[in-house]
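Going by this note's numbering, the first residue of the sequence shown is number 1, and it counts up by one from there. Quick reminder that beta carbons are idealized off the backbone N, C-alpha and C, glycines included. What follows is one structure encoded as structure tokens, with my remarks underneath.
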Amino acid sequence: GAAGGLAATAVLASAVNIGGGFTITQRMLGMFRRPGDPPEFTGLYGLAGAGALAAYAAGAAAGYAEATPAAYLAASGLCIASIGALASQRTARLGNVLGATGVGLGLAATLGAVVATPGSDALLPVQIVGALGVGAGAGALVARRMAITSLPQMVAGFHSLVGLAAVTTSIASYMAADPAHLDAVHAASTYFGTFIGAVTLTGSAVAFGKLHGVLPSKPLALPGKNALNLGLLAGNAAAGAAFLTTGDPGVALAALGATTALAGGLGAHMTASIGGADMPVVITLLNSYSGYALCAEGFMLGNDLLTTVGALIGSSGAILSYIMCRAMNRSLANVILGGYATAAAGPAAEVGGTHAEVDAHGAAEVLTSARSVLIVPGYGLAVAGAQYAIADLVKRLRSKNIAVKFGIHPVAGRMPGQLNVLLAEAGVPYDIVEEMDEVNPHMEDFDVALVIGANDTINSAAIEDPNSVIAGMPVVEVWKAKQVIVLKRTMGTGYAGADNPVFYKPNTQMLLGDAKTVCDQLNQKVTEALGLSGA
């Protein structure tokens, strides 16, 4: 019936996310391998996973009631270990294998529980396996074919599927249950699973549209937008109260439908009201939402594995969102409500003077005369697709014993780690790519800081002007290097709308133009200056 159709939709959507997630993670990890790295055989851990599946199957076949809870416990431990291993480049590949093994064991245990349920349809496990196979295959296919520059929108798209699965699972669970014997925990979990799932579904869909260019990147500014958000929240609260207090199944289903619509509108409006430059925080926040939706499903279905994994995803996403907000000196509420910073105590300091410009030939002379170079990429590099050009430039400089490092701001790009992945795709060794906090203490040691497509994240007004709109925001302090070359399209301001004093400092030269075009020109001039071949 309808409940079965909703449940099948949930399984299919979840499987797309599972297959695509592990595939794209493995693909990205492969990009970080360096030519001289020794071979790894982390795939052999799959043999241990196969052994765990066999042990569970044997225990379940023998009629041990404890086999399924034990499998859930082992799967939870593997997922926790996976998160820990993914935190280090050295163990990240193992982490992906541990995660896949944990999810596989959890799925097997779930199938075992379905088979062991008295009166269950004999075809149900076959249908579940079919939906899992189709969904995982589709997700893996998308992840293999996707351009790495499209990673942020793919992540947003996968998050929307998690939201869809949460909504359909919650409604299907209520339809399949006996309302007269529905306990308070199950009922509350059903409501919150629907609410959080709907917010995640539509919010992620809007984020996908913004990142993919089918929706405007600029924030939607409807009159009374905060009042609209409060109204939608109040409507959700009323629908939740109706669902939790009514004894009429028809009224309860109508309340869940209203929650889906109202929460969906809330998620879409709140995400549409956030500008494109804040998408890194939006992505991590939606990831957190998807985890809490999964957690609600775990309580609703009495599945400890879902609760554990949901808590892992929800808490890690929330922590990362907090870290990124700190990197912008903003509160999470400020980002969610579509604002920027806080009101200044007075007018910002005037930024003026005459900027110095340099062409590709002059910039090449500066770079080839240096002993150490720091490259600070921003979103402009990703938009222009200049990662391959800059990787070639790095190879040429390093071939002449010029030390090169990258310094990346925590919120550079359109999702956490996007620039790291783009550089890895182009062949830049990960051991020369460092974070802002790692390069700032040594900034004065760099002969040249080459900024490519970054603005607010290198703005000295954040430190020098207490009245600046970005005052207090941690930035990459490039102006402390001996020389600075800023490659950007125009002299315009960044997303925050703050003028950048770095452009007018005496040790700064502006190299204006498209990042890809200018990097290609720079490559040619550096090649000529170093006496290298163009190959």
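Could you tell me the alpha carbon to alpha carbon distance between residue i and residue j, rounded to whole angstroms?
| i | j | result |
| --- | --- | --- |
| Leu256 | Leu393 | 57 Å |
| Leu253 | Ala237 | 15 Å |
| Asp431 | Glu66 | 46 Å |
| Met300 | Ile323 | 31 Å |
| Tyr64 | Leu73 | 15 Å |
| Ala131 | Ala10 | 9 Å |
| Ala71 | Gly302 | 15 Å |
| Ala449 | Ser372 | 9 Å |
| Gln509 | Phe503 | 7 Å |
| Thr490 | Ala165 | 44 Å |
| His355 | Lys482 | 17 Å |
| Val469 | Ile80 | 40 Å |
| Ala3 | Arg27 | 36 Å |
| Glu464 | Trp479 | 12 Å |
| Ala370 | Ile402 | 7 Å |
| Gln420 | Phe41 | According to the sequence displayed, residue 420 carries Asn and not Gln. Cα to Cα, the separation comes out at about 24 Å. |
| Gly51 | Tyr45 | 10 Å |
| Gly49 | Gly250 | 45 Å |
| Leu538 | Ala268 | Past the boundaries of the shown model lies residue 538; the chain is included only from 1 to 535, so the question cannot be answered. |
| Leu182 | Gly314 | 26 Å |
| Asp447 | Thr25 | 36 Å |
| Glu444 | Pro39 | 38 Å |
| Thr308 | Ser76 | 6 Å |
| Asn500 | Thr457 | 10 Å |
| Ile83 | Gly102 | 11 Å |
| Pro118 | Gly133 | 25 Å |
| Val475 | Asn440 | 9 Å |
| Met146 | Thr168 | 27 Å |
| Ala461 | Ile283 | 27 Å |
| Ala8 | Gly224 | 40 Å |
| Phe246 | Leu111 | According to the sequence shown, residue 246 is Thr rather than Phe. Whole-angstrom Cα-Cα distance: 33 Å. |
| Phe406 | Gly472 | 23 Å |
| Ala116 | Val206 | 41 Å |
| Ala188 | Leu244 | 7 Å |
| Gly291 | Gly43 | 27 Å |
| Gly494 | Val451 | 14 Å |
| Cys519 | Pro506 | 23 Å |
| Lys395 | Ala143 | 29 Å |
Using a Cβ-Cβ cut-off of 7 Å (strictly less than) and excluding sequence neighbours within five positions of residue i, which residues of its own chain qualify?
| i | result |
| --- | --- |
| Ala85 | Thr91, Ala92, Leu94, Gly95, Leu98 |
| Thr190 | Ser170, Ser173, Tyr174, Met300 |
| Lys210 | Ser217, Gly276, Met279 |
| Leu29 | Ala92, Arg93, Asn96 |
| Ala529 | Ala364, Glu365, Thr368 |
| Gln387 | Leu381, Leu422, Leu423, Glu425, Ala426 |
| Leu220 | Ala272, Ser273 |
| Phe32 | Gln89, Ala424, Tyr430 |
| Val281 | Ser321, Met324, Cys325, Val335 |
| Asn287 | His159, Ile313, Gly317 |
| Ala100 | Phe22 |
Please name the residue or residues paired with residue i in a DSSP beta bridge.
| i | result |
| --- | --- |
| Phe406 | Ile375, Val433 |
| Lys400 | DSSP, once it has assigned bridges, lists no residue as partnering Lys400. |
| Ala138 | For Ala138, which the question treats as bridged, DSSP gives no partner whatsoever. |
| Glu357 | Met510 |
| Ala449 | Leu374, Val484 |
Assuming residue i and residue j form a contact by the criterion Cβ under 8 Å, report the distance between their Cβ atoms to the nearest whole angstrom.
| i | j | result |
| --- | --- | --- |
| Val16 | Gly106 | Not a contact, Cβ separation roughly 17 Å. |
| Ala498 | Asn459 | 6 Å |
| Thr289 | Val199 | For clarity, residue 289 is Tyr in the given sequence; the question names Thr instead. Their Cβ separation, rounded to whole angstroms, is 6 Å, which keeps Tyr289 and Val199 in contact under 8 Å. |
| Leu511 | Val486 | 7 Å |
| Leu320 | Pro416 | 6 Å |
| Ser150 | Ser204 | Not confirmed; about 15 Å, so no contact. |
| Ala293 | Lys525 | Between Lys525 and Ala293 the Cβ distance is about 52 Å, and since that is not below 8 Å, they are no contact. |
| Gly193 | Ala296 | 4 Å |
| Leu306 | Gly298 | 3 Å |
| Leu201 | Gly163 | 3 Å |
| Leu215 | Gly265 | No, Leu215 and Gly265 are not in contact; Cβ-Cβ is about 16 Å, not under 8 Å. |
| Gly104 | Leu47 | Rounded, the Cβ-Cβ distance is 13 Å, inconsistent with contact. |
Please work out which residues of its chain come closer than 8 Å, Cβ to Cβ, to residue i, disregarding the five sequence neighbours upstream and downstream, and give them in chain order.
| i | result |
| --- | --- |
| Val114 | Ser120, Leu124, Pro125, Ile128 |
| Glu357 | Gln509, Met510, Leu511, Leu512 |
For residue i, which residues in the same chain have their Cβ closer than 6 Å to its Cβ, ignoring the five residues on either side in sequence?
| i | result |
| --- | --- |
| Ala263 | Phe195, Ala198, Val199, Asn236 |
| Ala138 | Val16 |
| Ala344 | The predicted model places Ala344 with a pLDDT of 48, which falls under 50 and marks its position as unreliable; any figure quoted below should be read in that light. Around Ala344: Asn467. |
| Gly36 | none |
| Glu477 | Asn440, Met443 |
Quiz item: Is it a yes or a no for the region 148-168 touching the region 229-247, going by three-plus beta-carbon pairs under 8 Å?
Solution: no
Quiz item: Given 8 Å as the limit, is there contact between the region 328-335 and the region 223-230, that is, 3 or more CB pairs closer than that?
Solution: no
Exercise. Report yes or no: do three or more beta-carbon pairs, one from the region 360-377 and one from the region 405-424, lie closer than 8 Å?
Key: yes
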